[in-house]
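Engineer:
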Amino acid sequence: MDYLVTIGLEIHAQIQTRSKMFCGCSADYAAAPPNTHVCPVCMGLPGSLPVPNRRAIELAALTGLALNCRIASDNVISRKNYFYADLPSGYQRSQYDDPLCVNGWVDIDGDQGPKRIGLTRVHIEEDTGKLTHTADGGSLVDFNRAGVPLMEIVSEPDITSPEEARRYFQKLRQILVWIGVNSGDMESGALRCDANVSVRPAGQQAYGAKVEIKNINSFRFVERALAYEIERQVTSLRAGERIVQSTRGWDEATGTTVAQRTKEFAEDYRYFPEPDIPPLRLTEAWVAERRAELPELPDARRQRFMTDYDLTPYDATVLTDERAVSDYYEQAVAAARPRGVAPKDVANWLTGELFRLLKDSGETLVVAAQRIRPEYLAEVQELLNNGVITRTSAKEAFDAAFREGRAPAQIVAERGMAVIGAGDALTDMVRQAIADNPKVVEEYRGGKVTAIKYLIGQVMKATRGQASPQAVQQALEQELTRQ
Amino acid sequence: MAALHELTLVQAHEALTRGDVTSVELTQALLARIAAVDSRVQAFLTVDADGALEQARAADLQRARGPSSALLGIPLGIKDVISTSGVRTTCGSNMLATYVPVYDATVIARLKQAGAVLLGKLNCDEFAMGSSTEHSAYQQTRNPWNLERVPGGSSGGSAAAVAAGEAPATLGTDTGGSIRQPAALCGITGLKPTYGRVSRYGLVAFASSLDQIGPMARTAHDCAMVLQVIAGDDPQDATCTGHPVPEYVAALTGDVRGLRIGVPREFFVAGMQPEVEAAIRHAIDVLRDQGAIVQEISLPHTQYALPVYYLIAPAEASANLARYDGVRYGLREPGESYFDELERTRGAGFGAEVRRRIMLGTYALSAGYYDAYYKRAQQVRTLIRRDYLEAFEQVDVIAAPTTPTVAFKIGAHSDDPLAMYLEDVCTLPLNLAGLPGLVVPCGFAEGLPIGLQLIGRPFDEQTLLRTGDAYQRVTDWHTRMPALV
Ligand SMILES: [Zn+2]
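Sequence order for the protein chains is X and A. All residue numbers for the first sequence refer to my numbering, where the first residue is 24 and numbers rise by one. All residue numbers for the second sequence refer to my numbering, where the first residue is 19 and numbers rise by one.
1) Just to confirm, is the Cβ distance from residue 281 of chain A to residue 313 of chain A under 9 Å?
2) Can you list, in chain order, the stretches of the alpha helix (DSSP H) that have 4 or more residues and sit fully within the segment 318 to 387 of chain A?
3) Listing by chain order, which chain X residues have their CB less than 7 Å from the CB of residue 392 of chain A?
4) What span of residues does the alpha helix (DSSP H) with residue 471 of chain A cover, start to end?
5) In angstroms, rounded to a whole number, what distance separates the CA positions of residue 267 of chain A and residue 487 of chain A?
6) So what's residue 148 of chain A in DSSP terms, helix, strand or just coil?
7) Using the C-alpha atoms, what's the distance from residue 143 of chain A back to residue 234 of chain A?
8) Specify the secondary structure class of residue 496 of chain A as computed by DSSP and reduced to three states.
9) Using 8 Å as the cut-off, classify the Cβ of residue 70 of chain X as near or not near the heavy atoms of ligand 1, replying yes or no.
10) Rounded to the nearest angstrom, what separates residue 250 of chain A and residue 218 of chain A at their Cα positions?
11) What number of angstroms, rounded off, separates the C-alpha of residue 379 of chain A from the C-alpha of residue 469 of chain A?
12) Exposed or buried, which one is residue 455 of chain X when buried takes at least 16 other CB atoms within 10 Å?
13) Who are the neighbours of residue 86 of chain A on chain X, taking C-beta pairs under 9 Å?
14) Leaving out five residues on either side along the sequence, give the residues of the same chain with a beta carbon under 8 Å from the beta carbon of residue 304 of chain X.
15) Mind listing, in chain order, the residues whose beta carbon lies closer than 5 Å to a non-hydrogen atom of ligand 1?
16) Taking C-beta pairs closer than 7 Å, name the residues in chain A that residue 257 of chain X reaches, listed in chain order.
17) Just to make sure I have the definition right: I need the residues of chain A whose C-beta is within less than 9 Å of the C-beta of residue 104 of chain X. Which are they?
18) If you draw a straight line from the alpha carbon of residue 142 of chain X to that of residue 392 of chain A, how long is it in whole angstroms?
19) Exposed or buried, which one is residue 81 of chain A when buried takes at least 16 other CB atoms within 10 Å?
20) Please state if the CB of residue 334 of chain A and the CB of residue 226 of chain A are separated by a distance shorter than 9 Å.
21) If you draw a straight line from the C-alpha of residue 434 of chain X to the C-alpha of residue 396 of chain X, how long is it?
22) Listing by chain order, which chain A residues have their CB less than 7 Å from the CB of residue 161 of chain X?
23) I'd like to know whether the C-beta of residue 74 of chain X is nearer than 9 Å to at least one C-beta of chain A.
24) Closest Cβ-Cβ distance between residue 52 of chain X and chain A: below 9 Å?
25) Which parts of the segment 65 to 112 of chain A are runs of the beta strand (DSSP E), unbroken and 3 residues or longer, counting only runs that do not cross its ends?
26) For chain A, find out if any of its Cβ atoms is closer than 9 Å to the Cβ of residue 112 of chain X; answer yes or no.
27) What residues in the segment 248 to 275 of chain A bring their beta carbon closer than 8 Å to a beta carbon of chain X?
28) Using CA coordinates, which residue listed in A:204, A:357 and A:323 is at the minimum distance from residue 423 of chain A?
29) Could you pull out every residue in the same chain whose Cβ sits closer than 6 Å to the Cβ of residue 177 of chain X, ignoring the five residues on either side in sequence?
30) Would residue 71 of chain X count as contacting chain A if we go by Cβ distances under 9 Å?
31) Can you tell me which of A:258, A:165, A:106 and A:221 puts its alpha carbon nearest to the alpha carbon of residue 425 of chain A?
32) Only counting the same chain, and skipping five residues up and downstream in sequence, which positions put a Cβ closer than 7 Å to that of residue 376 of chain X?
33) Starting from residue 273 of chain X, follow the beta strand (DSSP E) in both directions and report where the run begins and ends.
34) Would you kindly work out how many angstroms separate the C-alpha atoms of residue 88 of chain A and residue 243 of chain A, rounded to a whole number?
35) For the alpha helix (DSSP H) that residue 35 of chain X lies in, which residues bound it at each end?
36) Check whether chain A comes within 9 Å of residue 207 of chain X, counting only Cβ atoms and requiring the distance to be less than that.
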C-alpha cells in the first residue's frame, strides 16, 4: 500500500535587532560572557516591565510582506505560561489569537515542478535563556539570550516530502537573510525549525496522527529527521500499529527521532493577553512604509537577470542566491554598461574567476569586495574587449586586483602587460625577427604565404605572449611589404 | 507649633522652607516617633535610619544652595511592594525575605530626584493580596485608633504609619482598594490615581491591569504634592504614556460651586453599618452646602464587580507570581530537580492566601475554562467601565462609601475569605474601570474612622483633589490623631 505524507514546518528565526524584544539590552550576545547582557526586565526581576521593540515589529512585518502575508491591524502580545529555569518570568511573551502576519505563501521547486507552500502565520515572541548541564549533574543558566526577538513562521501542511521540506526551509532562509531580518546562522540557533509530519494510507481522507519533531538546526537534518520519521510511521502502520499524536526530538548522534511526550501530557499554556503591553495598532500607512522598505526579492530579481541581462537560468540562480553577491553583481553591471561591456561577461568573471579566488582565500565576497571593487570586473572585460590585453593577461591582472585592491588598468600599465600591438616595441621585435630569419623571409617573398606563421611565432615568443597574433601578423606584413 | 511628627506634609514643607527646622531634625523626630510607637503599630518592616539621615543631610545642603522642590527633605515611607535599590523589598512574603533589589522603581527614582527622604519600607498583605494586612508573613500591623482592629489592607502599613505620626506621607498601592480601604479605616487621606497616571515600573506586580501606586497622607493637599512628583509618562512602562500632568496644587481652589456630584444607589449595600452610611450622607451634604449639585445616579453593573475582579486579578497574579522559582533571587528550597525545587520553594515561600489566588487564577485561565471565566470577566469589565463613563456625562464626581463598616477586629474574617473579599466591594469597581479615587476622613463610629470615597473621570485627579481639599477646608476629621496610649 502507498502512503501519503503531510508535512508542515514551524521555523523560529531570531529577528536581527540591536536590542532585545522588551528591554534595552544588546541582542548581540553570541560572544558575550554569561549573564552580561541582562537587566531587570530580561532577568524577570520583581516589578520590571516590558516595552516592545519597535524595530523588531517592523522587521517581523517586513518578513510577512516578503512572504506575501496580510499584516494584522490589531496585534496582541500574549503570555504563554509554563515553568522552566531558562524562562525568567515564568511565561514567554508571544502571540496567540492575533498573529502579526497571516495567510502568506512562498514558491519552491517541488517534487513535481514549481509549488506554492502556504503560510498560516508569522508571529513575534521572545527567546528564552540557555541552560547548560554540568558533569556533576548541576545546571547553569545564561540569560543573555532571554528576550532576544524571535519570529515563528508556520507553514500550511502543504509539504509532501523531506526534500520539499528542505527546499522550503532553504527558501525561507534565503528570503530572511536577503531582507536582512535574520543572520541565517543555524549553528548558533539564530534559525531553527520544528517539523510536523503525518502519514496516511493513499485514499484515506483524514490526516494521520501528527508527530512533531523538535530542535532541527540544519537543512540536512530536516531532511534526514523527516525521512527517518516517515519510515518509522509507515513501518508501524504496516505492522498494524496506531500512531500516537506526540512530540519527538531529533537525535543527531543516532540519526533517529526519540519520543519526548504524548498528547495526554501536553502542557496547557493558559495563554492570555499580556496586560503590561497595550494592543499594538498598525495602520495602513505604517504597513505601506514597511512595504516601501521591502527590497526586490530573489525570485523577482532572478527573473529580471534572465530577461534584462540575458543570463542563463543557472547563472541567474547563482547570482540571486545571496543578496550581497547579487547586489555586487548589480554594481558591476552598472559600471559595465557605459563601457559597453555585456552583463553576461560580468557574470562570467564573477561566477568563474572571482568565485574561484574566494574559494581559495576562504573569504566572503563582502570582505574581499573592499579590494576587488565591482567596477574592476567591468574594467578588466573592457581591456579585453578593446584588445589591450590578452585573456591570459586579463586573468593575471584580475588576480592581482583581487590580491592588491588596485584597478586592473593600473596593474596592466605598471607591469607592461598591455598587448604589444602597435608602436615601436612591436616594430622593433618584428624587425628583429625578419633580420634573424632571412631564409623564412625569402620563402615568404617567394610566394609561400604560410611561412609568415613561423615569424609570428618568433615575435610572440619575444613578447612573452603579450601581443595579439593578429597585431603581430599585421605588423609583419607591413614590414615585409616595406622592405 | 505642633510636634514635628504631627505636621502635615504642607506644614513640614513650610517649616523647612522658613528654616524653622532642618530635614535632619525632622527625620530624627520621625525616627524617634517610629522607635516610640512602632512596636505597637508595627507598620514598618524595614527602617533605613542611616539612609534616611544621609538623604536628609543631602537635602539640607541642597536647600542651602538655592531654590528647592516641594518634597525636598520631606521624610516618606514606602510600601514594601515597591522596588528600592539596595533596600530589602519583601512584598510581605517569605519568598522575598532576603531580596535586595538592584534597581529603583520609577516612583522611587522620582522621589529621590525631588530630594525626598525615604524612612523605610511598610508592611502589607503578602504581594498586596488582602484587605487587613493579616496576610503579611512578618507582622500584624494594627490600627492606631484601636490596636485590636485591623488597619485595612493591603497598604495597612502605609495607612497606619501616617495615622500614627510615623511619616507625613507614604506610598501605597491599590489593586482593588488597597490604598482607599486602609485610608478610610485609619482615618487618613489616600489617592488611587487613574490607571496609567503613575508608572508601575518597579511596583512588584499583583494584577498588572489593576495595580496603581498612589499617595497616602493626612490631607488632599499633601496627596497633591506627592502626586505631582510621582505622576507622568514613563518610557519604561508601556501602559503609562500620553497623559500630560497638570499642576495639582494650583487646582486646589477650595471652590466646588456648581460641581455635579453623583451618588450611586448601588453603593449603599445591604449590611452597611448605619453610622457609616450616615457619615457618608452627611459628608455629601457638606459638599452640597459648599455649592455642589448632588444627584442620585445608577451604576447598574456594580454587583458584578466582585466576581469579575476575583477572576481577573487572580488570573494575572497566577502569571505574575510564576517568576518566583528560586533560580535567580529570593527563597530557594533545595530539591532533586528543577521541578521538585520549584514545588518546594513555592510551597514554602507563599502563604495560604497567595496560594489560593494562584490556584484560582490558574483555573480561570485553563483550557476549556478561559472563555467562560477570564474572557467573560473582561467583557463584563467593559460594561462596568461603560457605566462610569455614562455617569460622567451627567456628573463630575461620584461620591460613595469606601467600606461598608469601620475597621473590624483582627482575626474576625480569618476563617472566611469571602467575607474578607466583601471588604472591597465599594472600591474594586474603580480598578476594573481604571478610574481615580480619593478617600477623605468624614467621621467616626465606635471610635474608628470612616472615609468618604470620591470617584473621578479618567485622568481627572485634579477635580477629586479640589473636592477633597474643599471638604477638608470646612471639616476637621483629617486633623484628628489617635491617642496611641
Ligand atoms: Zn534586558
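Idealized CB from N, CA, C, for every residue including glycine. Quick caveat, the model's predicted, so the values are computed rather than measured.
Structural biologist: In short:
1) Yes, the pair counts as a contact, with Cβ atoms nearer than the cut-off.
2) Segments of the alpha helix (DSSP H) lying fully in the segment 318 to 387 of chain A: 323 to 338, 356 to 367 and 370 to 383.
3) Among the residues of chain X, those whose CB is under 7 Å from the CB of residue 392 of chain A are 295, following chain order.
4) Bounds of any alpha helix (DSSP H) do not take in residue 471 of chain A; it lies within the beta strand (DSSP E) bounded by 466 to 474.
5) Residue 267 of chain A and residue 487 of chain A have their C-alpha atoms roughly 10 Å apart.
6) Per DSSP, reduced to three states, the secondary structure at residue 148 of chain A is coil, with no helix or strand assignment.
7) Cα-Cα distance, rounded: 17 Å.
8) Of the three classes helix, strand and coil, the one that applies to residue 496 of chain A here is helix, per DSSP.
9) No, the beta carbon of residue 70 of chain X sits no closer than 8 Å to any heavy atom of ligand 1.
10) Residue 250 of chain A and residue 218 of chain A: Cα-Cα distance of roughly 11 Å.
11) The straight-line gap separating the alpha-carbon atoms of residue 379 of chain A and residue 469 of chain A is approximately 31 Å.
12) Here residue 455 of chain X is exposed: its Cβ has fewer than 16 other Cβ atoms, across all protein chains shown, within 10 Å.
13) Those do not exist, as residue 86 of chain A stays about 29 Å from chain X at its closest Cβ, beyond 9 Å.
14) Around residue 304 of chain X: 96, 97 and 98.
15) Counting only residues whose CB is nearer than 5 Å to a non-hydrogen atom of ligand 1, the list in chain order is X:46, X:48, X:62, X:64 and X:65.
16) Within 7 Å Cβ-Cβ: nothing; residue 257 of chain X doesn't reach chain A, min ~32 Å.
17) Result: 336, 337, 340, 380 and 383.
18) The C-alpha of residue 392 of chain A is placed about 30 Å away from the C-alpha of residue 142 of chain X.
19) Residue 81 of chain A should be labelled buried.
20) The answer is yes: Cβ separation under 9 Å.
21) Those two C-alpha atoms are separated by around 14 Å.
22) Residues of chain A with a Cβ closer than 7 Å to the Cβ of residue 161 of chain X do not exist; the shortest Cβ-Cβ separation is about 11 Å.
23) For residue 74 of chain X, the answer is yes, since a Cβ of chain A falls inside 9 Å of its Cβ.
24) Output row for residue 52 of chain X: interface = no.
25) The segment 65 to 112 of chain A is shown to contain whole beta strand (DSSP E) runs of 3 or more residues at 93 to 97, in chain order.
26) Cβ-Cβ to chain A under 9 Å: yes for residue 112 of chain X.
27) Interface annotation for the segment 248 to 275 of chain A against chain X: 253, 254, 255, 256 and 257, criterion Cβ-Cβ distance under 8 Å.
28) For residue 423 of chain A, the closest of A:204, A:357 and A:323 by C-alpha to C-alpha distance is A:204.
29) Cβ within range, chain order: 33, 143 and 144.
30) Yes - at least one Cβ of chain A is within 9 Å of the one on residue 71 of chain X.
31) Measuring C-alpha to C-alpha distances from residue 425 of chain A to each of A:258, A:165, A:106 and A:221 identifies A:165 as the nearest.
32) 418 and 421.
33) Per DSSP, residue 273 of chain X is one residue of the beta strand (DSSP E) stretching across 269 to 274.
34) Pairing residue 88 of chain A with residue 243 of chain A, the inter-Cα distance amounts to about 7 Å.
35) Per DSSP, residue 35 of chain X belongs to no alpha helix (DSSP H); it is in the beta strand (DSSP E), 26 to 37.
36) It does not: the Cβ of residue 207 of chain X has no partner Cβ on chain A nearer than 9 Å.
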